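Taking it in order: structure first as structure tokens, then the write-up.
Chains as they are written, first to last, in my numbering: chain A, 32 to 421; chain B, 15 to 277.
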């Protein structure tokens, strides 16, 4: 389908696709099997200029003038994820870790941290989730206590993507427990800060080239100037804003995985022969492919439109971005499962890429808000909108 | 430091067919690409610039259609990409081409001139060293690694059949590089955006102060006498049979002797 991409957007697609095919495709199987963090590919992404697509030009990024660059990011993540949804995450998770700063950082904070993230010299990571604070982020236990010109952080963050690989962390902690979510604040914590260490690297089902670790804070002293936006109590606003903005990114990762699986499935049916003919001639197979194609295209339409909506400066896009994330991740799971089905026994083997795609797809239904949380969000907005009309 | 990289547009050999009648390449149908070895020369030029500062200028001699290839080098990050194009240059062989490239390098200014080790269409490997001869500068061929470089000299490793030569030369110098030297980068997004708007400057023979009596088909000493496809005759194998190896060897011996292959 023609989405009327601008010349610049076409170039982003072209650059990302070339990088994915030439650099990622040859290593994806190995990196997945061994759980290797793709530093060499991160370097390629940086050199290609893809790490700062969503960062304003004044801070060294390449977001188009007057836009947030979400569409640029979405196009890039989709292309990279068609080939490997794990490796693409190094870039997408860095974006997630950067959004709190883009949303709530002071100019000084942005000037200090964004240029290195935009150039790819440093990765960022987002530290919100805890063992007992997943979907219910409000129940977090990490605390930050002000002491002179410092905040003392204590607590443990769990399942942090880019953990131990990133240099710059945006970490959420309670500065005033009594105020509930209004007592939450966000801090910029640099790797190497005394009292800040990493737990074990998780052994995951999919996205295995991505690093996932705990962040451990033990009397970690963070300079007060690293309090995001310079004001306490804004953390929850920064977190919710970030998730709204990052959901098109996860959605595009899911979309890419789905589109990649569809490409593999179509190609396979034109090559595999059974009963003396290509299996692409069987209507049962054709209908599976057609259903997959319709869903992938519908997901793409939703994701691109939300991205454009965010870029255009919309104030509230929580419902739409939840819809895109929900739908694309469900499509990713269905499409990859069906791709494995089309490959039959071969699809279940690690020698073929669809097995990995199916494992990679699953996380998109879980992280940055499960599918169920997205539905809650969508329904809550629907009901609110209806109530407002009366 | 002024770095010049000379590149050539060649038929896309992954996609080429040979005219069975004439034995020549069907260039029109193949499409064109940058000579693969030249990609490594461009990459090495960029790496030297990143280390030493300066500019990288790419030069190619050919028709206007070579502009797209030049733009791709802008995408990779070179500063300027020049098209040397003139009707008077048409049909130049390696001798005449080297003269023209030498004149173009003089116009551009150079400390280091890089070439791929050879072009995959002609396979002569002559243009790099010949250009250096016209300019009266040393040439180091088959370079697989630049060990050290300063404003005054360069030390390189040359990939020889029997090992590696380590050679030091003063600047200016011409290098031809092998593909082992590096891994060419992809075009970056910023590079592509610049390339989109970039219109390669065109230099004529007059622009480079070239002598018309040195270039073009008339002034090219190379003559292609004949070209043909090597044909292997298949299906003429003869099986030698016998009761045992000694008997087979006897038959083989007399057959070979009869053919005059052994005496």
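Using N, Cα and C, we set each Cβ at its ideal position, and we do this for glycine too.
Note that the structure is a prediction, hence the values are computed from the model and not measured.
Since residue 399 of chain A and residue 283 of chain A should fall inside the 8 Å C-beta cutoff, what is the C-beta to C-beta distance between them, to a whole number of angstroms? Here residue 399 of chain A refers to the residue found at position 368 when the first chain is read from its first residue. Here residue 283 of chain A refers to the residue found at position 252 when the first chain is read from its first residue. Contact doesn't hold; Cβ gap of about 12 Å is too wide.
I'd like to know if residue 202 of chain B contacts chain A, where contact means its C-beta is closer than 8 Å to some C-beta of that chain. Position 188 of the second chain holds residue 202 of chain B. Answer yes: the Cβ-Cβ gap between residue 202 of chain B and chain A drops below 8 Å somewhere.
Identify the continuous beta strand (DSSP E) that holds residue 172 of chain B and give its terminal residues. Taking the second chain and counting its residues from 1, the one referred to as residue 172 of chain B is at position 158. Per DSSP, residue 172 of chain B belongs to the beta strand (DSSP E) from 167 to 174.
Best match in A:149, A:119, A:117 and A:114 for proximity to residue 129 of chain A [C-alpha to C-alpha]: Counted from its first residue, the first chain places residue 129 of chain A at position 98. For the residues A:149, A:119, A:117 and A:114, the minimum Cα distance to residue 129 of chain A belongs to A:149.
Cα separation between residue 389 of chain A and residue 370 of chain A? Counting from 1 along the first chain, the entry for residue 389 of chain A is found at position 358. Counting from 1 along the first chain, the entry for residue 370 of chain A is found at position 339. Each residue's alpha carbon lies about 8 Å from the other.
Cβ of residue 199 of chain B less than 8 Å from any chain A Cβ? Here residue 199 of chain B refers to the residue found at position 185 when the second chain is read from its first residue. It does; some Cβ of chain A falls within 8 Å.
Are the C-beta atoms of residue 235 of chain A and some chain B residue less than 8 Å apart? By one-based count along the first chain, residue 235 of chain A stands at place 204. Not one chain B Cβ lies under 8 Å of residue 235 of chain A.
Considering residue 17 of chain B, what are the terminal residues of the alpha helix (DSSP H) in which it resides? To locate residue 17 of chain B, count along the second chain from 1; it is residue 3. Taken as a continuous stretch (DSSP letters only), residue 17 of chain B belongs to no alpha helix (DSSP H), being part of the beta strand (DSSP E) at 16 to 21.
Verify whether the separation of the beta carbon atoms of residue 356 of chain A and residue 281 of chain A is less than 8 Å. One-based indexing of the first chain puts residue 356 of chain A at position 325. One-based indexing of the first chain puts residue 281 of chain A at position 250. Yes, these two residues count as a Cβ contact at 8 Å.
Distance between residue 253 of chain A and residue 86 of chain A (C-alpha atoms, nearest Å): Taking the first chain and counting its residues from 1, one reaches residue 86 of chain A at position 55. Taking the first chain and counting its residues from 1, one reaches residue 253 of chain A at position 222. Their backbone Cα atoms lie some 25 Å apart in a straight line.
Would you say residue 84 of chain A and residue 46 of chain A are within 8 Å of each other, going by their C-beta atoms? Looking up residue 84 of chain A in the first chain gives position 53. Looking up residue 46 of chain A in the first chain gives position 15. No, the Cβ-Cβ distance between residue 84 of chain A and residue 46 of chain A is not below 8 Å.
Distance, residue 238 of chain B Cα to residue 217 of chain B Cα: To locate residue 217 of chain B, count along the second chain from 1; it is residue 203. To locate residue 238 of chain B, count along the second chain from 1; it is residue 224. Looking at the two C-alpha atoms, the distance is approximately 29 Å.
Taking the alpha-carbon of residue 193 of chain B as reference, which of B:129, B:230, B:166 and B:35 has the nearest alpha-carbon? The count along the second chain starts at 1 and reaches residue 193 of chain B at position 179. Ranking the options by Cα distance to residue 193 of chain B, first place goes to B:129.
Going along the stretch 62 to 89 of chain B in order, which residues come within less than 7 Å of chain A, judged by CB to CB distance? none
Roughly how many angstroms lie between the CA atoms of residue 187 of chain A and residue 225 of chain A, to the nearest whole one? As a working note, residue 187 of chain A is residue 156 in the first chain. As a working note, residue 225 of chain A is residue 194 in the first chain. Spanning the two alpha carbons is a distance of roughly 15 Å.
Segment contact, 8 Å Cβ cut-off, at least three pairs: the stretch 197 to 207 of chain A with the stretch 160 to 178 of chain A: yes
Apart from the five residues on each side of it in sequence, which residues of its chain come closer than 6 Å, Cβ to Cβ, to residue 185 of chain A? One-based indexing of the first chain puts residue 185 of chain A at position 154. The residues are 174 and 248.
Residues near residue 136 of chain B in its chain [Cβ-Cβ closer than 8 Å; skip 5 each side]: Taking the first residue of the second chain as position 1, residue 136 of chain B is located at position 122. Cβ within range, chain order: 108.
Could you tell me how far apart the beta carbons of residue 443 of chain A and residue 192 of chain A are, in whole angstroms, since I believe they sit closer than 8 Å? Because chain A in this structure spans residues 32 to 421, residue 443 of chain A falls outside the shown range and cannot be described.
Examine the Cβ distances between the stretch 261 to 275 of chain A and the stretch 211 to 223 of chain A and report whether three or more of them are shorter than 8 Å. yes
If you drop the 5 nearest sequence neighbours on each side, which residues of the same chain put their C-beta closer than 6 Å to that of residue 100 of chain A? Residue mapping note: residue 100 of chain A aligns to position 69 of the first chain, counting from 1. Answer for residue 100 of chain A: 84, 85 and 94, listed in chain order.
Please tell me whether residue 6 of chain B and residue 19 of chain B are closer than 8 Å, where the distance is taken between their beta carbons. Look at the range of chain B in this structure, 15 to 277, and you will see that residue 6 of chain B is not part of it.
Can you grab the Cα-Cα spacing for the pair residue 31 of chain B / residue 48 of chain A, in whole Å? In the second chain, counting from the first residue as 1, residue 31 of chain B sits at position 17. In the first chain, counting from the first residue as 1, residue 48 of chain A sits at position 17. If you take the alpha carbons of residue 31 of chain B and residue 48 of chain A, they lie about 29 Å apart.
According to DSSP, what are the bridge partners of residue 122 of chain A? The residue given as residue 122 of chain A occupies position 91 in the first chain. For residue 122 of chain A, which the question treats as bridged, DSSP gives no partner whatsoever.
Skipping 5 residues on each side, what residues in its chain have a beta carbon closer than 7 Å to that of residue 54 of chain B? On the second chain, position 40 is the one that residue 54 of chain B refers to. If we look at residue 54 of chain B and ignore the five residues flanking it on each side, its Cβ neighbours are 130, 191, 193, 195, 196 and 198.
According to DSSP, what are the bridge partners of residue 98 of chain B? Here residue 98 of chain B corresponds to residue number 84 of the second chain, with the count starting at 1. Partner(s): B:75 and B:217.
Mind checking who residue 3 of chain B pairs with in its DSSP beta bridge? With chain B covering 15 to 277 only, the question about residue 3 of chain B has no answer from this structure.
Anything in chain B within Cβ reach of residue 46 of chain A, meaning under 8 Å, just list it in chain order. Position 15 of the first chain holds residue 46 of chain A. By Cβ distance, chain B contributes 200, 201, 202, 203 and 206.
Applying a beta-carbon distance threshold of less than 8 Å, which residues of chain B neighbour residue 364 of chain A? Residue numbering aside, residue 364 of chain A sits at position 333 when the first chain is read from its first letter. Per Cβ cutoff of 8 Å: no residues; residue 364 of chain A is ~31 Å from chain B at best.
Any C-beta of chain B within less than 8 Å: which residues of the stretch 263 to 286 of chain A qualify? none
Return the first residue and the last residue of the alpha helix (DSSP H) that residue 107 of chain A is part of. For the purposes of this step, residue 107 of chain A is identified with residue 76 of the first chain, where counting begins at 1. Here the alpha helix (DSSP H) through residue 107 of chain A covers 101 to 114.
Taking Cβ-Cβ distances shorter than 8 Å, what residues in chain A pair up with residue 210 of chain B? Residue numbering aside, residue 210 of chain B sits at position 196 when the second chain is read from its first letter. Chain A residues near residue 210 of chain B: 38 and 42.
For residue 246 of chain B, which three-state DSSP category applies? Locating residue 246 of chain B in the second chain gives position 232, where the first residue counts as 1. Coil.
Indicate whether the contact test is met: 3 or more Cβ pairs, each with one atom in the stretch 69 to 86 of chain B and one in the stretch 205 to 221 of chain B, closer than 8 Å. yes
Please state the DSSP three-state secondary structure of residue 183 of chain A. Start at 1 with the first residue of the first chain, and residue 183 of chain A comes out as number 152. Of the three classes helix, strand and coil, the one that applies to residue 183 of chain A here is strand, per DSSP.
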